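Just so you know, the working numbering puts 104 at position 104 of the sequence shown, and the rest follows in order with no gaps.
All C-beta atoms, glycine included, are put in the ideal place defined by N, C-alpha and C.
Note that the structure is a prediction, hence the values are computed from the model and not measured.
Report on one structure; see the data block that follows.
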Amino acid sequence: MDLFNVSVSGNPIDRGLVSRLVKSIMYTPLQWPHLLSLCACLILGGLYLRKLPLPPGPSPLPIIGNIHQLLSKPLPELLLEWHQKYGPIISFRSGSRLMVSIASHDVCQDLMLRKGTLYNSRPEIVVAGRHATRGLHIALMPFGKKWQAHRRILASVTTENASRKYRQLEEVESLQVMINLLTSNDFLANFRQAEIHQSEQLTYRIMEVLFNFHFALGEIFPVLDYLPGFLAPWKAFGKGFYSEATSLYSRNLLKAQSTSSWNWVKHSLTRPEARDMPTDELSMLFGASLQAAFETVPSVLRVFVKAMLLHPECVVKAQTELDQIVGSDRVPSFSDMPSLPYIKAIVNECCRWQAVIPLGVPHCNTRGDEYGGYRFSKGTTVFANTWAIGFNEGLYRNARDFLPERWVENPELPNSAPFGYGRRVCLGKFIGRDSLFINIARLLWGYKFAHGEREVALWDIDHAFSSSPRDFDAKFSIRSAKHHETLERAWAVTDTDPNVILGKIATDYQA
Numbered sequence: 001m002d003l004f005n006v007s008v009s010g011n012p013i014d015r016g017l018v019s020r021l022v023k024s025i026m027y028t029p030l031q032w033p034h035l036l037s038l039c040a041c042l043i044l045g046g047l048y049l050r051k052l053p054l055p056p057g058p059s060p061l062p063i064i065g066n067i068h069q070l071l072s073k074p075l076p077e078l079l080l081e082w083h084q085k086y087g088p089i090i091s092f093r094s095g096s097r098l099m100v101s102i103a104s105h106d107v108c109q110d111l112m113l114r115k116g117t118l119y120n121s122r123p124e125i126v127v128a129g130r131h132a133t134r135g136l137h138i139a140l141m142p143f144g145k146k147w148q149a150h151r152r153i154l155a156s157v158t159t160e161n162a163s164r165k166y167r168q169l170e171e172v173e174s175l176q177v178m179i180n181l182l183t184s185n186d187f188l189a190n191f192r193q194a195e196i197h198q199s200e201q202l203t204y205r206i207m208e209v210l211f212n213f214h215f216a217l218g219e220i221f222p223v224l225d226y227l228p229g230f231l232a233p234w235k236a237f238g239k240g241f242y243s244e245a246t247s248l249y250s251r252n253l254l255k256a257q258s259t260s261s262w263n264w265v266k267h268s269l270t271r272p273e274a275r276d277m278p279t280d281e282l283s284m285l286f287g288a289s290l291q292a293a294f295e296t297v298p299s300v301l302r303v304f305v306k307a308m309l310l311h312p313e314c315v316v317k318a319q320t321e322l323d324q325i326v327g328s329d330r331v332p333s334f335s336d337m338p339s340l341p342y343i344k345a346i347v348n349e350c351c352r353w354q355a356v357i358p359l360g361v362p363h364c365n366t367r368g369d370e371y372g373g374y375r376f377s378k379g380t381t382v383f384a385n386t387w388a389i390g391f392n393e394g395l396y397r398n399a400r401d402f403l404p405e406r407w408v409e410n411p412e413l414p415n416s417a418p419f420g421y422g423r424r425v426c427l428g429k430f431i432g433r434d435s436l437f438i439n440i441a442r443l444l445w446g447y448k449f450a451h452g453e454r455e456v457a458l459w460d461i462d463h464a465f466s467s468s469p470r471d472f473d474a475k476f477s478i479r480s481a482k483h484h485e486t487l488e489r490a491w492a493v494t495d496t497d498p499n500v501i502l503g504k505i506a507t508d509y510q511a
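Written out as structure tokens, the structure reads:
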């Protein structure tokens, strides 16, 4: 290779300039000490990092690492036990992968916010990332220009200011839930939307695969992905999943583009980043993002119903606040939010107490680092462990207990863990919190909660990438004839035409 025949952006570098630069370094004696010092610092820095210990944790076995322990119980509970034994920063190995779990809000802030340029990427996830979504799922993308373009597109419709524009739509949807509960106790079905059934099934399929041992081998030992397809069954699954997902998402994309009303897709496609983006990429961007949103809020509402059944004293306190501020002549609205601190506290406590994304989405450092006297090797998978942070007794007293009062007594308590840290924070956090507030406020305003045939168990939880209480039954009964009358009247005067509501949102954007 001719070292002098190189170019930048297609323009050859002036050989004379390079020659003069080299000579100026070689023949200027004052430059040599600086160069030698720089080289020494780089060498010593590398040696220093290699000598530092990894964060403490259970001893791994050769080849398999700690797999034998990771399979022994649900991962959030196991890691919580390890944190209680080894401290707020622990390390372990899943096959060949080095993993670090962090159970401290402050440490997560230090690494993922203050050192964000180092920790804002993602580890490569073989099945879900490389094969099933072909690197197009924004939550799994490594940091880079593609991720930045996707994020800018979504950020244009998910900022805190933008989220307020959707409140009328969220009020209509929450009223629909309340009306449905007058005739059906199937609260979970009421929390979900029928049109996302196919998308939900895709989520379940990929979760099943990630917890299938033969497919999990591809994640535990990424080198196995070089095997031919008949020895790597996750490849065929990924191909089929990608085809099915993009087919569904593309149909939804075309449907959104063909409607007469305003919507996210139409608005986002005006962004310069979206103009030349392939259809598969656009459909995956919108489909996967909305799928995550549709799954998360219903799961938190399920935790809410569970908490209210187990803690009727919280229902009494919440309804006392609602009766004082709202009364029975109208339903709660977003304008009541500043005057309902206990309702907001219940929202925060539901997100903390039994976190629905218990380990968050893993981060990855792009170069070696040192923190707290520990070595973080380049490419380490780093978890902001939402589950363990939520049970950190240093932050939350009696952390296993459901205590909304903690948020009233100390409004400065950290509540960001459920939505992630740093530049990879969940873009839908403002919309999600609004949706939780209006649904929880209205359900508590209008209904009594009682156990059904299948009573709820305190820690009976399905743990996977997302967690949710196992199935249980609940009975909902309207609080009074007056509440029933007010609810029916509110529904009767509400404009439920989505085209009209979306038209108002479009007007707000133009204002």
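query = For Trp407, which of Arg352, Ala441 and Trp387 has the nearest alpha-carbon?
reply = Looking up residue 407 in the sequence shown gives position 407. In terms of CA proximity to Trp407, Arg352 leads the group Arg352, Ala441 and Trp387.
ask   = What is the C-beta distance between Phe187 and Phe476, in whole angstroms, given that I count them as a contact (C-beta under 8 angstroms)?
value = As a position in the sequence shown, residue 187 is number 187, starting the count at 1. As a position in the sequence shown, residue 476 is number 476, starting the count at 1. Right, the Cβ-Cβ distance comes to about 7 angstroms (below 8 angstroms), so this counts as a contact.
inquiry  = Less than 8 angstroms between the C-beta atoms of Asn439 and Val177, yes or no?
reply    = Looking up residue 439 in the sequence shown gives position 439. Looking up residue 177 in the sequence shown gives position 177. At the C-beta level, Asn439 and Val177 come within 8 angstroms of one another.
Short CB-CB distance (under 8 angstroms) between Lys378 and chain C = Among the protein chains of the structure shown there is no chain C, as only one such chain exists.
message = Taking 8 angstroms as the cut-off, does the stretch 394 to 409 touch the stretch 129 to 141 (at least 3 CB pairs, one atom from each stretch)?
response = Counting C-beta pairs with one atom in each stretch, the stretch 129 to 141 and the stretch 394 to 409 have fewer than three that are closer than 8 angstroms, which means they do not touch.
message = Quick check on Gly65: does DSSP put it in helix, strand or coil?
response = Position 65 of the sequence shown, counted from the first residue, corresponds to residue 65. The answer is strand: DSSP assigns Gly65 an E or B state.
message = Starting from Ile90, trace the beta strand (DSSP E) in both directions and tell me its first and last residue.
response = Here residue 90 corresponds to residue number 90 of the sequence shown, with the count starting at 1. For Ile90, the uninterrupted beta strand (DSSP E) segment begins and ends at Ile89 to Ser94.
request  = Compute the Euclidean distance between the alpha carbons of Ala450 and Pro469, then round it to the nearest angstrom.
outcome  = Start at 1 with the first residue of the sequence shown, and residue 450 comes out as number 450. Start at 1 with the first residue of the sequence shown, and residue 469 comes out as number 469. Those two C-alpha atoms are separated by around 17 angstroms.
request  = With DSSP collapsed to three states, give me the class of Asp369.
outcome  = Here residue 369 refers to the residue found at position 369 of the sequence shown. In the structure shown, Asp369 falls within a strand segment according to DSSP collapsed to helix, strand and coil.
request  = Return the CA-CA distance between Gly432 and Val297, expressed in angstroms with no decimal places.
outcome  = Position 432 of the sequence shown holds residue 432. Position 297 of the sequence shown holds residue 297. Distance between the alpha carbons of Gly432 and Val297 is about 6 angstroms.
task = Within the stretch 139 to 177, note down every full alpha helix (DSSP H) run reaching 4 residues or more, in order along the chain.
result = Annotation: the stretch 139 to 177 contains the following complete segments of the alpha helix (DSSP H) (minimum length 4 residues), in chain order: 145 to 155 and 160 to 164.
request  = For Thr117, name the three-state secondary structure that DSSP assigns.
outcome  = Here residue 117 is taken as the residue at index 117 of the sequence shown, counted from 1. In the three-state reduction of the DSSP assignment, Thr117 falls in the helix class.
query = Given that a residue counts as buried once 16 or more other Cβ atoms are within 10 Å of its Cβ, and exposed if not, what is Pro498?
reply = Taking the first residue of the sequence shown as position 1, residue 498 is located at position 498. The residue is exposed, with fewer than 16 neighbouring Cβ atoms inside 10 Å.
message = Taking the straight line between their C-alpha atoms, what separation do you get for Lys146 and Ala274?
response = In the sequence shown, the residue the question calls residue 146 occupies position 146. In the sequence shown, the residue the question calls residue 274 occupies position 274. For Lys146 and Ala274, the distance between alpha carbons rounds to 11 angstroms.
Residues near Ile505 by beta carbon distance below 8 angstroms, same chain, minus five either side = Taking the sequence shown and counting its residues from 1, the one referred to as residue 505 is at position 505. Correct list, in chain order: Lys165, Tyr166, Gln168, Leu169 and Trp262.
query = Between Asp280 and Glu485, what straight-line distance do the alpha-carbon atoms span, to the nearest angstrom?
reply = Residue mapping note: residue 280 aligns to position 280 of the sequence shown, counting from 1. Residue mapping note: residue 485 aligns to position 485 of the sequence shown, counting from 1. Near 48 angstroms, if we compare the C-alpha coordinates of Glu485 and Asp280.
query = What do you reckon, are the CB atoms on Ser184 and Ser299 nearer than 8 angstroms?
reply = Taking the sequence shown and counting its residues from 1, the one referred to as residue 184 is at position 184. Taking the sequence shown and counting its residues from 1, the one referred to as residue 299 is at position 299. In this structure, Ser299 does not lie closer than 8 angstroms to Ser184 by Cβ.
Run of the beta strand (DSSP E) containing Ala474, from where it starts to where it stops = Position 474 of the sequence shown, counting from 1, holds the residue named residue 474. Per DSSP, Ala474 belongs to the beta strand (DSSP E) from Ala474 to Ile478.
inquiry  = Looking only at its chain, what residues have a beta carbon closer than 6 angstroms to the beta carbon of Pro341, apart from the 5 residues adjacent to it on each side?
reply    = Your numbering for residue 341 matches position 341 in the sequence shown. Correct list, in chain order: Val408.
ask   = Does DSSP classify Met277 as helix, strand or coil?
value = Numbered from 1 along the sequence shown, position 277 holds the residue referred to as residue 277. Three-state DSSP puts Met277 in coil, outside helix and strand.
request  = May I have the straight-line CA-CA distance separating Trp234 from Val456, to the nearest angstrom?
outcome  = For this step, residue 234 is matched to residue 234 along the sequence shown. For this step, residue 456 is matched to residue 456 along the sequence shown. In this model, Trp234 and Val456 are separated by some 36 angstroms (Cα to Cα).
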